[in-house]
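Participant: Residues 24 to 259 (this note's numbering) make up the sequence shown, in order. The structure's right below; bear with me while I get my questions together.
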Amino acid sequence: MASLLIVEDDDTIGAVLRSSLRAHGHEVSWSLTGEDALRIAGERDFELVLLDLGLPGLDGVEVCRRLRARLPWCVLVILTARHDEMDVVVGLEAGADDYLTKPVRLGELLARVRAHLRRGVSRTESQQMLVVGRLRVDTAARRVWLGDREVELRVKEFDLLARLAAEPGVAVSRGTLLADVWDEHWFGSTKTLDVHIAAVRRKLAEAGAAPQISTLRGHGYRIEPPSDAAEGDPGA
Ligand code: CA
């Protein structure tokens, strides 16, 4: 469960968003104006804000900028009434993390919120160390070790490995990896995912005996946990 804030002046949309997010166990506040949202954000913390850009009074982009300053760790998702690229660009420049275009499809909204919150957890938990056999991924420091050797990874390679290592032995779909590691509104080829996996495998292999990252054809990837306790010797 997370604490969410909706900033939306349309009664119908606001009510639908609030009830579906509440139905998924979140604590939801709803502001009808940017001024009210900024006031609430000054009083308490939120993990995620859904912000309509078309607001009466204070301009949505300005609200975005001020919310970002007030809630530096919060995930800011802007809602735009139409597929207006300029709105999106300006909103992202004003500190938004993501955007959704209206009419908002609830399934997509809930999936994005889930992905953002999951990523937020690994971002905010200090001392978050993911361990898979000899592999250690320090998500707070963004460093990776295999045994006592540090492995240098690029940004997305790190994110990808951290995402897989968060759930050893669990099949993670391509869609989930793309949503969690890349921006959901990313239009590139999904080939990029395979290229990054290949790079992670190669860099780990260069550093020594690493947990295997299995390809699940037609589904995604899975990082394999040590096959038995004997291989789990930390730092071996
Ligand atoms: Ca509006």
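Backbone N, C-alpha and C fix where the C-beta goes; we use that ideal spot for every residue, glycine too.
Taking the Cβ atom as the reference point for each residue, do ILE29 and VAL51 lie within a distance shorter than 8 Å?
Facilitator: Yes.
Participant: For a quick check, are the C-beta atoms of PHE69 and LEU44 less than 8 Å apart?
Facilitator: No.
Participant: Tell me whether LEU90 sits in a helix, a strand or coil according to DSSP, three-state version.
Facilitator: Of the three classes helix, strand and coil, the one that applies to LEU90 here is helix, per DSSP.
Participant: Is SER250 helix, strand or coil by DSSP?
Facilitator: coil
Participant: Give the straight-line distance between the Cα atoms of THR215 and LEU169, rounded to the nearest whole angstrom.
Facilitator: 24 Å
Participant: Take every Cβ of the stretch 84 to 103, pair it with every Cβ of the stretch 57 to 71, and state whether three or more of those distances are shorter than 8 Å.
Facilitator: yes
Participant: Report whether the distance from the Cβ of GLY77 to the nearest heavy atom of ligand 1 is below 7 Å.
Facilitator: yes
Participant: State the start and end residues of the unbroken alpha helix (DSSP H) segment that holds ARG224.
Facilitator: 214 to 230
Participant: Count the other CB atoms within 10 Å of the CB of ASP34; is the residue buried (16 or more) or exposed (fewer)?
Facilitator: exposed
Participant: Could you pull out every unbroken beta strand (DSSP E) segment of at least 3 residues lying fully inside the stretch 127 to 185, listed in chain order?
Facilitator: 152 to 155, 158 to 161, 166 to 169 and 172 to 174
Participant: Whole angstroms are fine: how far does the CA of ALA163 sit from the CA of ALA188?
Facilitator: 14 Å
Participant: Grouping DSSP H, G and I as helix and E and B as strand, with all else coil, what is THR56?
Facilitator: Of the three classes helix, strand and coil, the one that applies to THR56 here is coil, per DSSP.
Participant: Would you tell me roughly how many angstroms separate the C-alpha atoms of GLY243 and ARG186, rounded to the nearest one?
Facilitator: 12 Å
Participant: Measuring only the C-alpha atoms, how far is ALA221 from VAL167?
Facilitator: Taking the straight line joining both Cα atoms gives about 16 Å.
Participant: Kindly examine ligand 1 and report whether one of its heavy atoms sits closer than 7 Å to the Cβ of ASP32.
Facilitator: yes
Participant: So the alpha helix (DSSP H) ASP203 belongs to, where does it begin and stop?
Facilitator: 197 to 204
Participant: Let me check understanding here. Comparing Cα to Cα, which of ARG142, ASP121, TRP96 and ALA232 lies closest to GLU173?
Facilitator: Ranking the options by Cα distance to GLU173, first place goes to ALA232.
Participant: Can you tell me which of the three DSSP states VAL112 falls into?
Facilitator: helix
Participant: Identify whether GLU70 lies in helix, strand or coil by the three-state DSSP scheme.
Facilitator: coil
Participant: Looking at the secondary structure, which residues open and close the alpha helix (DSSP H) in which VAL39 lies?
Facilitator: VAL39 -> alpha helix (DSSP H) spans 34 to 46.
Participant: Under the rule that 16 or more other beta-carbon atoms within 10 Å means buried, what is TRP96, buried or exposed?
Facilitator: exposed
Participant: Within its chain, find whatever has a CB closer than 6 Å to the CB of ILE101; leave out the 5 residues flanking it on each side and keep chain order.
Facilitator: LEU74, LEU76, GLY114, ALA119 and TYR122
Participant: Per DSSP, what kind of secondary structure is LEU123 in: helix, strand or coil?
Facilitator: strand
Participant: Using alpha carbons as the reference points, say which of LEU184, ILE246 and THR56 lies closest to ARG142.
Facilitator: LEU184
Participant: Buried or exposed: where does LEU27 fall if 16 or more other Cβ atoms within 10 Å of its Cβ makes it buried?
Facilitator: buried
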